[in-house]
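Reviewing the structure listed below.
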Ligand SMILES: [Zn+2]
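In our numbering, the protein residues as written are 36 to 338.
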């Protein structure tokens with residue numbers, strides 16, 4: 036992929052569509068749990084942990100044997116779950132952190148107790164599978180983080196929200212150098228956005244929130260409406276990232292710092308079906324080649 040690509044028209048015209056009234060209903064609230072992975076239990080260092088299995092492979096075992104094994108596995112998991120106090124597990128993890136990490140790096144953590152100087156602000160989805168500290172290795176003090184359903188950034192005109200408050204603090208007080216918005220595969224929030232039906236006036240916090248991404252849905256329908264629903268959702272997951280990056284520029288103090296070169300805006304997309312990560316940077320400057328104010332550079336793919 037060549038660098039310095041201009042943002043596709045589908046992203047650049049996000050704010051001019053007239054079909055906004057078309058959004059309206061989450062037709063099937065169960066869609067929020069679509070893709071729910073199976074769970075299996077296994078032991079690590081003497082403690083029971085749960086591991087998600089994201090793909091279901093076909094089995095070559097005889098059906099009866101497979102069924103028997105699955106039944107045994109189910110019983111084993113249920114026995115473990117019955118006896119497991121999740122807070123005992125958290126207590127063990129915390130004490131491990133204290134002894135093996137905090138006390139081993141006491142000077143660093145004492146400095147952090149006085150001040151934080153993170154280089155990143157990260158906006159990521161609330162989905163339990165996509166913790167940015169987990170997948171990108173952010174350590175305490177490195178990333179000021181906001182997580183919400185579908186990792187959306189509302190425009191400045193939306194008013195107060197936890198995202199706008201977080202942005203104000205991170206940009207104006209902490210003076211972070213980078214804002215990274217991270218999307219991900221099989222996002223239930225984006226699926227809810229793409230599932231909304233017209234003419235449904237029912238109230239839903241989820242519907243109201245994901246409607247922030249309605250322009251991304253419109254541009255997805257415009258360029259990918261011929262694809263099946265799953266692929267449309269995947270397209271919208273990335274489209275909404277670009278919409279969020281453009282929304283960041285509606286905050287005057289963000290636009291000012293981007294213009295003066297002291298703040299960079301980045302998109303990231305984590306695909307947990309194959310464990311890959313795509314990253315790009317939004318360039319915003321008046322008078323870029325071709326008359327556009329926006330361009331994308333430094334697109335890279337980690338796998
Ligand atoms: Zn999500």
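No residue lacks a Cβ here, since even glycine has one placed at the ideal position from N, Cα and C.
The structure presented is a predicted model; accordingly, all values stated were derived computationally and were not measured.
State buried or exposed for residue 303, treating a residue as buried only when at least 16 other CB atoms are found within 10 Å of its CB.
Buried, by the Cβ-count rule.
Check each candidate in 265, 310, 138, 191 and name the one with the smallest Cα separation from residue 247.
Per the Cα distances, 191.
How would you call residue 234, buried or exposed, if buried means at least 16 neighbouring beta carbons within 10 angstroms?
Exposed is the call here.
Leaving aside the five residues before and after residue 193 along the sequence, list all residues of the same chain whose C-beta is less than 6 Å from its C-beta, in chain order.
Scanning its chain for C-beta atoms nearer than 6 Å, with the 5 sequence neighbours on each side dropped, one finds no residue around residue 193.
Please name the residue in 310, 272, 255 whose C-alpha comes closest to that of residue 217.
Ranking the options by Cα distance to residue 217, first place goes to 272.
Reference residue 220; option with closest CA among 135, 195, 274, 282:
That would be 274, whose Cα lies nearest to the Cα of residue 220.
Taking 6 Å as the cut-off, does the CB of residue 222 come closer than this to any heavy atom belonging to ligand 1?
Between ligand 1 and the CB of residue 222, the shortest heavy atom gap is smaller than 6 Å.
Going by DSSP, what residue range makes up the alpha helix (DSSP H) through residue 224?
First-last of the alpha helix (DSSP H) with residue 224: 223–230.
What does the alpha-carbon distance come out to for the pair residue 214 and residue 292?
Roughly 12 Å between the two C-alpha positions.
Identify, in the order they occur along the chain, each residue of the same chain with its Cβ nearer than 6 Å to the Cβ of residue 296, setting aside the five sequence neighbours on each side.
None.
Residue range of the unbroken beta strand (DSSP E) whose run includes residue 219:
DSSP places residue 219 inside the beta strand (DSSP E), whose first and last residues are 213–219.
Specify, as a first and last residue, the run of the alpha helix (DSSP H) that residue 144 falls within.
Note, residue 144: alpha helix (DSSP H), 141–149.
Given the structure, does residue 162 come close to ligand 1, in the sense that its CB is under 6 Å from one of the ligand's heavy atoms?
Answer for residue 162: yes, Cβ within range of ligand 1.
Within the present structure, is the beta-carbon of residue 185 separated from the nearest heavy atom of ligand 1 by less than 6 Å?
Yes; taking the cut-off as 6 Å, the Cβ of residue 185 has a heavy atom of ligand 1 nearer than that.
For residue 302, which beta-bridge partners are listed by DSSP?
Beta-bridge pairing links residue 302 to 216, 315.
Residue 136 burial status per 10 Å Cβ neighbour count (16 or more: buried):
It is exposed - the Cβ of residue 136 has fewer than 16 other Cβ atoms within 10 Å.
Report yes if the CB atom of residue 173 is closer than 7 Å to the CB atom of residue 205, and no otherwise.
No, Cβ-Cβ distance for residue 173 and residue 205 is not below 7 Å.
Cβ-based burial, residue 163 [other Cβ within 10 Å; buried from 16]:
With fewer than 16 other CB atoms across the displayed protein chains lying within 10 angstroms of its CB, residue 163 is exposed.
What is the DSSP secondary structure of residue 236, counted as helix, strand or coil?
Secondary structure of residue 236 (DSSP, three-state): coil.
What's the C-alpha gap between residue 316 and residue 146?
Looking at the two C-alpha atoms, the distance is approximately 31 Å.
Are the CB atoms of residue 166 and residue 222 nearer to each other than 7 Å?
Not closer than 7 Å, so no.
May I have the straight-line CA-CA distance separating residue 306 from residue 171, to the nearest angstrom?
Straight-line Cα distance between these residues: approximately 13 Å.
Expected contact under 8 Å - CB spacing of residue 311 and residue 337 to nearest Å:
In this structure residue 311 is in contact with residue 337, their Cβ atoms being roughly 6 Å apart against a cut-off of 8 Å.
Beta-ladder partner(s) of residue 137, from DSSP:
Answer is none; residue 137 lacks a bridge partner.
For the beta strand (DSSP E) holding residue 204, just list the boundary residues, first then last.
Counted as a single uninterrupted DSSP element, the stretch harbouring residue 204 is not any beta strand (DSSP E), since DSSP gives it neither H nor E.
What is the DSSP secondary structure of residue 166, reduced to helix, strand or coil?
DSSP places residue 166 in the coil class of the three-state scheme, outside both helix and strand.
Measure the beta-carbon distance from residue 268 to residue 226 and round it to whole angstroms, keeping in mind my assumption that it falls under 8 Å.
That belief holds up - the Cβ atoms of residue 268 and residue 226 are roughly 5 Å apart, short of 8 Å.
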